[in-house]
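Numbering (this note's numbering), first residue to last: 52 to 459.
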Amino acid sequence: MLLKNCRYIITQNENRDILENKDIRLAETIEEIGDITPRSGEQVIDCKGLIAMPGLINSHTHAAMYVMRGFSEDMPLFDWLNRNWKVEDKYDYNIEYNSSKMAFQEMVSTGTTACLDMWDPDGVIEAARDVGIRLKAGYVVINDKLEEDKVKDLISKAELPVIQPHAVYTVSEEYLVKSKELADRYKVDLHIHASETREEVFECKKKTGKLPVEYLDSIGFLDKNVILAHLGWVANWEIELIKQRGAKVVHCPASNMKLATGGFFPYKEFKDREIVVGLGTDGPVSNNSLDMFREMRMMALKQKDQYWDPSIKAQDVLDTATVNGAKIIGIKAGRISQGYLADIVLLKPNIHMLPLYKNNLISNLVYSATGDAVVKTIINGRIVYDGHTDYSPLDNIKDFISLLKNFK
Ligand SMILES: [Zn+2]
């Protein structure tokens, strides 16, 4: 496939070059960038006036919760969780699959090409495959449920497997340690919510004498295969531990603000220590959008505001959603460079993004664009979004939506 005459190509390469009026040749990976003559029979897409950028990577989400959007509003995390769990108990494969399918369609239609999803993955994996999005997925360890056979099964069916203990307040020490042992044995990553609320931190301190990240380190859990989401209440010495162990971190600004978890995700401290920082929307019930363009705006504004420092750059934020996200997912993506996966988004600048020129392109993308500007999403060299969304999955879960509608 040849993307011909791209007005701008945001490469996200080492120099963060932005190319003008160039072409991209791709198969499953990116083969060539420059002035390229089409081969006979080659599929050519006219990209005149379009922006080509690397697909965005959502590093923390719960796609299967799509159907519950707007269900639990205006309440703190623990009340919110308890309300959601009451209906999540009724989930079956059908709900999981169709709800996730809608979420993945929302993601690809707004420029996301890969995500790290925390949910029991059976229906989720199928939905991702049918939509064509890259998925890092795995069983959630909660209330001490973790079977080695399921981990083995997961590895056989998930492209990017991960073990996902929910949090320090929902998983016992025995099962946190067991999760880590299995992750090491099968060479997969661990993904956990950590230090999200003050209540979590206080409870952990009361129970273990340690803060959550400190505690995870003390039981041998914190390591380079660990991805920590949220970290709104993390101490300086915990940031050092994260650095020493080589763990990665994910910022979920909209979810934190909506659930009013307070605190402060210390982006600058992480960045200064070269800790990999990704960006996630969290699930559709705590955001309530899966549009990573909106999330980038949220992150930029929140970080500037909390540090009283406007120097945090749009480029830094774009990096969290592209090159850093690729490190978290564990794929060679996030860049438009030769040899990288052909996960590319094409945008048509709309009224929110004008005037547009090379020097304001990145800030207009981060502060002004929304996913509505996306006209095509390409994953693994295949067009997975071309302006069309299939809404039929919602018809397949009508009964569950009625249950939510009438829930007291
Ligand atoms: Zn979450």
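Virtual Cβ for every residue (Gly too), placed ideally from N, Cα, C.
All values derive from a computational prediction rather than experimental measurement.
If you draw a straight line from the Cα of residue 369 to the Cα of residue 136, it is about 34 Å long. Contact between residue 349 and residue 163 does not hold, since their C-beta atoms are separated by about 15 Å, which reaches or exceeds 8 Å. Taken through DSSP and simplified to helix, strand or coil, residue 65 comes out as coil.
The region 211-222 and the region 247-266 touch, with no fewer than 3 CB-CB distances between them shorter than 8 Å. Between residue 326 and residue 294, the CB-CB gap stays under 7 Å. Of 306, 264, 324, the smallest CA-CA separation from residue 124 is found for 306. By the C-beta density criterion, residue 160 is buried, having at least 16 other C-beta atoms within 10 angstroms.
Between residue 281 and residue 216, the alpha-carbon positions lie close to 14 Å from each other. Residue nearest to residue 234 within the set 244, 247, 278, 250 is 278 (criterion: CA-CA distance). Residue 412 and residue 94 have their C-alpha atoms roughly 28 Å apart. Shown here, residue 91 sits in coil according to DSSP, grouped into three states, outside any helix or strand.
In the same chain as residue 158, and ignoring 5 residues on each side of it, the C-beta atoms closer than 7 Å to its own belong to 109, 166, 184, 341, in chain order. Excluding the 5 residues flanking it on each side, residue 85 has same chain C-beta neighbours closer than 7 Å at 73, 74, in chain order. Judged by DSSP in its simplified three-state form, residue 110 adopts strand. Bounds of the beta strand (DSSP E) holding residue 104 are 102-105. Rounded to the nearest whole angstrom, the CA to CA distance from residue 358 to residue 312 is 17 Å. The nearest non-hydrogen atom of ligand 1 is less than 6 Å from the C-beta of residue 333. Taking the Cβ atoms as the reference, residue 398 lies roughly 4 Å from residue 102, within the contact range of under 8 Å. In the structure shown, residue 74 adopts extended strand secondary structure according to DSSP, grouped into three states.
Annotated as distal: residue 284 and residue 324, with beta-carbon spacing of 7 Å or more. If you ignore the 5 residues before and after residue 414, its C-beta comes within less than 8 Å of the C-beta of 365, all in its own chain and listed in chain order.
Residue 269 is positioned such that its CB atom lies no closer than 7 Å to that of residue 310. Boundaries of the beta strand (DSSP E) around residue 212: 211-216.
Between the beta-carbon of residue 227 and that of residue 155 there is about 29 Å, and that puts the pair past the 8 Å contact cut. In this structure, the beta-carbon distance from residue 78 to residue 385 does not fall below 7 Å.
CA-to-CA, the gap between residue 117 and residue 388 works out to about 33 Å. With at least 16 other beta carbons inside 10 angstroms of its own, residue 172 counts as buried. The straight-line gap separating the alpha-carbon atoms of residue 55 and residue 302 is approximately 35 Å. DSSP places residue 157 in the uninterrupted alpha helix (DSSP H) bounded by 144-160. Bridge partners of residue 165 according to DSSP: 108, 185. In this structure residue 244 is buried. Its beta-carbon is surrounded by 16 or more other beta-carbon atoms within 10 angstroms. Between the region 400-409 and the region 372-381, the count of C-beta pairs closer than 8 Å stays below three; the two stretches do not touch.
For the pair residue 211 and residue 329, the CB atoms are not nearer than the 7 Å cut-off.
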